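Throughout the sequence shown, residue numbering follows the numbering used here, covering 62 to 338 in sequence.
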Amino acid sequence: MCFLPLLCSASCVGHTASTRATRGVPAAIGTASRRHNHVHLPGEVQGARLYPVFVRAIRVPMYANERWIVPPSAADSIGRALASLRPTLVSGLFVFAPDELPTVEHRQALESIRKLVRAEVPEARFDIGLDAMAYDNGNAVVQHMRELDESLEPDLWTFDRWDRADRERFAVVVSAVGHAHANGRAIGGFTTSREVPQDSDFGIIREGEQGALQRRVSMLSALHPIPYLVLRTDTLSCLPAGGGARAFDFWPVRTAADNHGFSLSVISARLNRGIRE
């Protein structure tokens, strides 16, 4: 067993959490087979619907920078290990370069992992990663997303350099958000600043010094009251991922007002109760 937020750990030392059943992950954040039947819910309503999706989130890098970090032959091993963790979101398996199309190996690996994980967690979600700064215009990113939609049918879109693209590639961000929402998909990405693009459904920040992290999430959520994932720095050695599998901490923020006075201890207590509120 590995540690994930809300999961007990045997082999990843030093972490404990409660074991909450993963029922109730909302169908509104679409599974691929029904992707054209979903209606996007804007703003805080959409964010609230995403809470169950982010309860047990893990990032497992398998393919990025146009190379396999973990060989596709390991897909079954990764799938079985992930299934034992009962994740609600598996992020970062594939991060594609612009104009890069998935091969048969990509499709087979994802199909195998999804099948194994969803045998344990039927509503588990899987994202596809892209680099928002790598596209020159909105048409390019939409065309690429369409091609990946047809081939891999992701449930969510996660973008690197999401906040920077909002400043320097605004048309790319607007077009990507429009395409995702038109197809009932949530979209968000990594931010290193105090901003996330308008109409993002979630934001991701990397773990840092605890006090600074708390202040940063507080400032972000006051301006943009959406869910935030914090990517942990420690790796999960019990998953066969050469790039280092890592868990997310989930910071559920319902409104900007709710976040005033939020503390790490309050958030930790909520997580340990399984976000029953």
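For glycine and all other residues, C-beta sits at the position ideal for the given N, C-alpha and C. Keep in mind the model is a prediction, meaning the values are calculated, not measured.
- If you draw a 10 Å sphere on the C-beta of residue 211, you find fewer than 16 other C-beta atoms in it, and that means exposed.
- By the Cβ criterion, the segment 272-286 is not in contact with the segment 128-140, since fewer than three pairs of Cβ atoms, one from each stretch, lie closer than 8 Å.
- Boundaries of the beta strand (DSSP E) harbouring residue 217: 217-221, taken from the DSSP string.
- Residue pairing by DSSP places residue 191 opposite 157 and 220 in a beta bridge.
- The residue from 283, 268 and 201 with its alpha-carbon nearest to that of residue 240 is 201.
- If only complete runs of 3 or more residues are kept, the segment 204-266 shows the beta strand (DSSP E) at 217-221 and 247-251, in order along the chain.
- Pairing residue 259 with residue 221 gives a Cβ-Cβ distance that is not under 9 Å.
- Under the DSSP definition of a beta bridge, residue 124 partners with 129 and 155.
- In this structure, DSSP gives residue 110 a helical state, which the three-state scheme calls helix.
- At least 9 Å separates the beta-carbon of residue 213 from that of residue 285.
- In the structure shown, residue 118 adopts extended strand secondary structure according to DSSP, grouped into three states.
- Looking at the backbone, the Cα of residue 173 and that of residue 139 are separated by about 9 Å.
- About 7 Å separates the beta carbon of residue 119 from that of residue 146, a gap short enough to meet the 8 Å contact definition.
- Spanning the alpha carbons of residue 134 and residue 180 requires a straight line of approximately 20 Å.
- Residue nearest to residue 142 within the set 265, 218 and 175 is 175 (criterion: CA-CA distance).
- Closest option to residue 267, judged by alpha-carbon separation, among 219, 177, 186 and 292: 292.
- If you look at residue 174, you'll find it in the alpha helix (DSSP H) that goes 165-181.
- Going by beta carbons, residue 158 and residue 195 fall inside the 9 Å limit.
- Using a 10 angstroms sphere on the CB of residue 170, the tally of other CB atoms reaches 16 or more, which defines it as buried.
- No residue range can be given for residue 197, since it is assigned to no alpha helix (DSSP H) and is classified by DSSP as neither H nor E.
- Taking all protein chains shown into account, residue 198 has fewer than 16 neighbouring C-beta atoms within 10 Å of its C-beta and is therefore exposed.
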